[in-house]
Each structure stands twice: as structure tokens, then as C-alpha cells.
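Structure first, commentary second.
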Amino acid sequence: MNWAEQGPTRREVLRAIGMMAGTAVLYQAMEVLGHAKETQFAGPPNLQGARPGTKVVVLGAGLAGMLAAYELAKAGYDVQILEYNNRPGGRNWSLYGGDTYTELGGATQKVGFSEGNYLNPGPWRIPYHHRALLHYCKKFGVALEPFIQMNQQALVQSSKAFGGKPMRYRELHADWDGNVAELLAKAIDNRGLDSVMTKEDADRLRIALREWGALDQNFKYSKNYRSSRRRGFERAQGGGVLGEPIPSDPHAFKDILDSGIWRTVAQHMNIDHQHAMFQPVGGMGMIGRGFAKQVEGKVRYNQKVTSISQQGGKVTVMHTDTGSGVTSTTEADYCVCTIPLSVLSQIDVDCSPGLDAAIHAVPYSNSVKVGLEFKRRFWEEEEAIYGGISFTDREISMISYPSGKLHSDGPAVILGAYTFGPASYKFAGMTPEERIQRALEQGSVFHPGRYKEEFIGGATVAWSRVPFTLGCCAQWNEDTRKEHYQTLVAVDNRLVLAGEHASYIGCWMEGAILSSLDAVTRLHSRALEA
Amino acid sequence: MRFVLFAAVLIASPALAQKPAKPAPAPHPGAEVYQNICQACHMANALGGEGAGKIPALAKNGALEAAVYPIMVVTGGKNAMPWFRGALTDQQISDAINYVRSNFGNKYKDKVTPAMVAEMGVPAPKGGMREQ
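Heads up: the sequence lines are chains C and Z, in that order.
For reference, each letter of the first sequence is one residue, going 8 to 537 in our numbering.
For reference, each letter of the second sequence is one residue, going 6 to 137 in our numbering.
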């Protein structure tokens, strides 16, 4: 869904206000209950006492697979991982200069980024409450740094407001809050809230609105020092003779409504986008590499799984080497399968009819990312935009400035497109070159005279054409959850599934990690009972 | 939805294209749907692709002979492929199916209509496309 394409409805405006009011309600609830619980992670599982010689085959060397292998090996199991790619990490992945990537259909890109620059085609940010992932990053020595999600200096562009001119997030946000506060204060003055609150509370709210919305003595949001401290000055505060600042004019509320800024503001209030957020130093793929060190020697790469059998009191996996074409068989007592359902649904899996139905019931979403490398950080040098995201209602939906190596010289990579909904299919249907050109064209609205002019080269990944997933993430809905989720996660004889698809934190690494820990814990108890 | 209007304009044109003057044939109304949606996976040449799993080729595809099959797959999805009921109109779905069944080496003469999609298609799931 590209929400930025539609104009605001009254209901949506109210929803945005509701989310703001909701923080106060939540705060009260927290005082009563202690704290809101932000994670289910209670620490690593500490599995122990595997029966000697018990073998487990793990399918997939993504985060779920490698963590399963690590925890099971620690418990004493004899573990072997089979991986389709020639590298660890799965969707946890960075493309660096010198890398080659061939998508389905055969288009091959040779990435030309400078040393140290990268595109994260998949995951690119880690919320502070993804504690399981954070735990293992620390344990496995993966260095993290802040990921800047929200930046008030970044831009918001809408074809429906300000003649399509990008505006500062700061100005739009300040004007949104100011105008909403003024309107609400007016409603109180007109006794519009008499039916829902006491006179005393209404008076308190009125005073609060003045402070929250930066209103003046007359409860108006107007051009003055107070509002400019939020939205910025016409002439900034300085020193000496011209030190006195000149206040700026707030935008008309109609324009602010048209801009859709409340969507961006509300998005940042979701728990998945709240600060602090992290990224690994040197690219998201560092997590995959960090995990891989823990299972060194246990992974066979370039192995395409063709069938999984549970006959004869064991698991038998048939797999073909993608280089040599040689087919082999791996036998084990148990199997942890982290192959995405998009691929697993095409493999002959010997399991219960219920699990078979579940494997075939979940479609995969699509998304496209484009990385664009520029000669220098003109967004930092000229516009003081350090990290964060500029939003647009164009198909690219956003551009994200690098959070790493801030304030440095030399080339840097911007995430130039992160598409949703129909735009993902449209972009994925293009050749890589066309995607890069389209992203450059659309993103240039933010930085005219610089974007195209200082562009060096790009890289792009369309998830529907990724050979090892054929899509982005498992796309559950209410109906499929009800009918298939519990069957999908249950241990099926000697087989258990794990990955983001076997979690309620879909499309996040944390989902893969928590799913994996839960799966190996249950598999271990099953193995001890046997 | 941007291409609804475009498709509607093109539907009106085939009758005019029959005139003896024979101007450049109007593009098939399903071509744009195919380019904007289908070729993200099935590729511009409809040959699909193969990696850890396979995206089936639509070119020279015998499974397309019975029109009900593509109607079921496009409206209801199949394995990794999401359903497009709701995301595309019945008109767009029938246009895309007709385009594929008469191109890429497929020569099926019978046409799928929006009414057939409405009748034989899988309804969009109540639970919606995805969780929020």
C-alpha cells in the first residue's frame, strides 16, 4: 500500500491525533502495570544434554538456520547446514563494490561502489527492542552503530502540496502540531468539549495545548519567536550586529493537510521506528558474517535442496550442488528447515497434510531497493542532513541518507528507493539499469542540481527476482494465521520449521531469531523424549 | 490505480482498428497490466526463472489452455504468488490473461471476460492482504 498516494481523510487525520493522545493513555497504563513489555526474549535457551551422536541437518544458512545450528551444536548435537547460496546470511546481506549479483531472468550487476560503501538489499535497521538479535550481535562480536531513522532536517515531498516542492519535515511537523493545538483550544473555547471533560480538565488541556503546540498568548499558532523555535527562523539566530533572529511564517493549515505530514509523524510513532535504532558498522551483512564464524566448518554452500523425507526413522535430504550438478543425500535424526515458504512449497516435503497445506498457504510480498552512489555527501555539506529519511509520494517512497561515516569526505551511498505495493511490481519488472535510472529521476526532486549531476553508479535488488527467496517476506493475514500458523510452527515428526515466516515479527530479523530459538528448544525436548 | 483509465480507453479502440487503412495496431489492453505487475516475476519474455525455486514460464504454457486455471491463479494466488483479487479489477485481470494467452507463443483463441473472472475467480480473503 502506498499510503502517500491518497489524500488525507478525516478519519486518517483523527487516527494520527489518536496516536498522539494514545501515548498519554499508554503512559497511565504503564504506571499501573509497571512497564510495557517490549520483547519476548528472556535470554538464550541454554540447551544441554543431547544424546551423543544425534544428528541434525539445518536447511538454510540465514540467521535462523545459523543460530539453530549454533545452539544445537552447543547442546551436543552433530550439526550440518546446507545452504543454496555461496555465502552465509540469506536475506541478511550487503552488496559491496566488487560484488556480482545475478537476479532471476539473468540480469547481472557488477557493483562499482567505492571501498566501504554498500547497499543493504534486505534488512537495514534494528529497533532497540529487538533484544534477541541485539544479544547475539554482542555475543558474536558484531559492532553496531546508531541508525538515524527520523531527521527533522530531512524533506517531505508530495505531489499534492506546495506545488510538489519538498519541504522540511521540521516545518511541516511544527505547523501540524501548532494548528491542531490551536483548533483544539478553539474547540474548548467554543465549549465543544464540554460533553467529554470537566471544566477543570478542559482548562488544564488548554494550557497544555499552548505549550505543546507553541501557541501565543491568544492561543494562536502564529509567526513569532515561539513558533520559530520549532519550525526554524527566517533569519537564524546569530552574533553581533545582525544577531537578532527573524521569525518565519507558518504554512497555511490547508497546505499542511495536503502534505500528508501526519502520516510521516505517525509512522515514526510505531514501535518499530522509534529511536534508538541500530545498524552494524560496515553493512547489515556483517551480522550474517558474524553468525557464520560461530558455525564455521558446518556449512555446505551451493546446495539446492530437492526433497526432504522422514521415512525409516530418520530425515533424508536430497540436494544438488549448483556448481557441479552432483546430487547428494544427507541423513540426520532431525531437521530444522529455514527455507522460505516461497521455495519450500516447491520442494517435495514428506510431512503431515496439515503442514503441507500451511507451507502452500502463504504468499510472499515484494519490494525493490536501489542504492545510488554519489561523489560526495552534498546533503550533509550543503543541507546539513545527517542520516534519516526524506519521504515522497513518488514510487520510490523515500530516500535514506547514510547513517555511517557521518561528516566524512568522499563518495557515499543513498538508499534511493524502497518501494511498496504496486510500485514494487512495476520496479521489479524493469531491468536493473531502468530501476536505477527511475530512482535517480524520482529522487532528484529532493536535491535538484546535485542528484543527477553527482551520481556515480547504482545497484538494485528486486525481491521477486531474488533466486533464493522469489520474494520478500511471508505475507500472513488474519485468516491464514488462524488456519495454518500453529501447524506451521509445530514439530512435525522429525522436522521443525523456523524463520521470519514462523513468527509474528514478520520481515524482521528478530522474527527469524525468536522463531529459531523456539524451534530448537521444542525440537530438543522432542529429541530427549524419543 | 493509474492504469485503470488507460486500459478503459484502449478497450474502446479495437473496433476502429479494423478499418482498411490499417494504422499501427493499438497495444493490447493487457500489455500494460503485464508490464506493471506480471513481469516482475514472470519476466518481460514470459520465460520465468529458476533459482532455489522456480517461477514458471507463461510462454508456450499448456496449463493456460483451460481459461479457468489462470483465472484461479491470478485471483487466488498460488504458493509464493500473492492473489491479485482486489489489487486489480476483474477487467484488468481478464485483459492480462487474454494478453498472455494470445502472446508469448500461446495461441488460445477463446477470450476471458470480466464476467468470467467475477464468476470463477477466488474471492479476496476477508483477512486482507497483509497484517499491519
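We put the CB at the ideal spot given by N, CA and C, even for glycine.
On a predicted model such as this, the values are computed, not experimentally measured, just so you know.
Asked                                                                                                                               : Found
Beta-ladder partner(s) of Arg307 (chain C), from DSSP                                                                               : C:Leu89
Residue ranges of each beta strand (DSSP E) within the stretch 316-342 of chain C, 3 or longer                                      : 322-328, 334-339
Which residues DSSP lists as bridging Val38 (chain Z), in chain order                                                               : According to DSSP, which records beta bridges pairwise, Val38 (chain Z) is partnered with nothing at all.
Outcome for Leu249 (chain C) when other beta-carbon atoms lying within 10 angstroms are tallied against a minimum of 16             : exposed
Three or more C-beta pairs below 8 Å linking the stretch 55-62 of chain Z and the stretch 464-480 of chain C                        : yes
Buried versus exposed, by CB contacts within 10 Å (16 or more), Leu530 (chain C)                                                    : buried
C-beta neighbour in chain C for Pro128 (chain Z), strict 8 Å                                                                        : no
Cβ shell of Leu351 (chain C) (< 6 Å), same chain only, five flanking positions each side left out                                   : Ile366
Backbone secondary structure at Phe381 (chain C) - three-state DSSP                                                                 : strand
Tyr1 (chain C), DSSP secondary structure in three states                                                                            : Any property of residue 1 (chain C) remains undetermined from this structure, which presents chain C solely from 8 to 537.
is_contact[His367 (chain C), chain Z] using C-beta, thresh 8 Å                                                                      : yes
Pair within 8 Å by beta-carbon distance, Leu66 (chain C) and Ala85 (chain Z)                                                        : no
Cα-Cα separation between Met121 (chain Z) and Val375 (chain C), rounded to whole angstroms                                          : 33 Å
Strand pairing of Arg175 (chain C), partner residues [DSSP]                                                                         : C:Leu162
Glu124 (chain Z) burial status per 10 Å Cβ neighbour count (16 or more: buried)                                                     : exposed
6 Å CB neighbourhood of Phe285 (chain C) in its chain, flanking five on each side removed                                           : Ile133, Leu151, Phe154
Contact belief for Gly239 (chain C) with Arg177 (chain C) at Cβ below 8 Å, rounded distance in angstroms                            : 6 Å
Supposed contact pair Ala45 (chain Z) and Asn373 (chain C) - C-beta distance, whole angstroms, cut 8 Å                              : 6 Å
Span separating the alpha-carbon of Leu33 (chain C) from that of Leu54 (chain C)                                                    : Confidence at Leu33 (chain C) is low in this model, with a pLDDT of 42, below 50, so the placement of that residue is unreliable and no value is reported for it.
Residue burial classification, Val527 (chain C) (beta-carbon count within 10 angstroms, cutoff 16)                                  : buried
Residues that Val420 (chain C) bridges to, as DSSP identifies them                                                                  : C:Glu380
Local Cβ density within 10 Å of Pro128 (chain Z), reported as buried at 16 or more and exposed below that                           : exposed
Cut-off 6 Å between Cβ atoms - residues of its own chain near Val39 (chain C), not counting five sequence neighbours on either side : Low per-residue confidence applies at Val39 (chain C): pLDDT is 49, beneath 50, and the placement is therefore not dependable enough to give any value.
Where Asn373 (chain C) meets chain Z, residues with beta-carbon distance less than 7 Å                                              : Ala45
Alpha helix (DSSP H) runs wholly inside the stretch 385-453 of chain C, at least 4 long, in chain order                             : 385-388, 429-435, 439-450
Ile195 (chain C) versus Ile214 (chain C): straight-line alpha-carbon distance, rounded                                              : 11 Å
contact_flag[the stretch 56-63 of chain C, the stretch 80-87 of chain C] where n(CB pairs < 8 Å) is 3 or more                       : yes
Spatially closest choice to Leu140 (chain C) from C:Glu485, C:Ala161, C:Met73, by CA coordinates                                    : C:Met73
Three-pair Cβ contact test at 8 Å for the stretch 457-471 of chain C versus the stretch 334-350 of chain C                          : no
Reduced DSSP secondary structure (H/G/I, E/B, other) of Ala68 (chain C)                                                             : coil
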